[in-house]
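Structure first, then comments.
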Amino acid sequence: MHLLKDENGNVIPHGDGPAHKHEHDHGCEEHACDGCSGGSDKCKNESVALLNYMVDHNEHHAAELDQMADNLAKLGMDTAAKQIKEAVADFQKGNLRLRLALTTVKEELKEF
1 MHLLKDENGN
11 VIPHGDGPAH
21 KHEHDHGCEE
31 HACDGCSGGS
41 DKCKNESVAL
51 LNYMVDHNEH
61 HAAELDQMAD
71 NLAKLGMDTA
81 AKQIKEAVAD
91 FQKGNLRLRL
101 ALTTVKEELK
111 EF
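Mapping of the sequence shown onto UniProt numbering: residues 1 to 112, in sequence order.
This is the structure in structure tokens:
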């Protein structure tokens with residue numbers, strides 16, 4: 001299980017464990033924010049930590065996919081490489097939206 005940390009590096013307990021495991025070799029596990037009542041500071045901090053984690057996690061996957069596209073292009077599989085590159089661009093757009101959400105959550109937490 002990944003440790004989630006707040007902006008000060010403090011470990012934030014996160015649920016009762018992983019929601020499910022990915023089927024690839026770098027051993028990451030996804031988490032779900034099930035145990036939050038919605039109004040607690042713990043849930044708010046956990047949401048920030050989880051968004052931070054997911055953005056970093058997604059960037060890692062985008063880099064892996066980009067490398068895969070480069071490898072396929074070297075093998076002459078240009079159509080597949082192009083499709084993956086386009087998917088990576090879409091992935092990055094989604095990550096921009098997640099970053100915006102993260103910024104919004106952080107700003108709203110400052111108001112409390």
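Think of the CB as a built atom: it goes at the ideal place given N, C-alpha and C, for glycine as much as any other residue.
ask   = If we call anything under 8 Å between Cβ atoms a contact, is K85 one with A69?
value = As a working note, residue 85 is residue 85 in the sequence shown. As a working note, residue 69 is residue 69 in the sequence shown. In contact: K85 and A69 (Cβ atoms closer than 8 Å).
task = Just list the alpha helix (DSSP H) runs in the stretch 71-96, keeping only unbroken ones of 4 residues or longer that don't cross its boundaries, in chain order.
result = Whole alpha helix (DSSP H) segments, 4+ residues: zero.
task = Check each candidate in A89, K110, V105 and name the one with the smallest Cα separation from L50.
result = As a working note, residue 50 is residue 50 in the sequence shown. It is V105.
ask   = Three-state secondary structure (DSSP) at residue 176?
value = Coverage of the chain is limited to positions 1 through 112, which leaves residue 176 absent and any answer about it impossible.
inquiry  = Suppose contacts are defined by Cβ-Cβ distances below 8 Å. Is L102 in contact with V48 by that definition?
reply    = In the sequence shown, the residue the question calls residue 102 occupies position 102. In the sequence shown, the residue the question calls residue 48 occupies position 48. Pairing L102 with V48 gives a Cβ-Cβ distance under 8 Å.
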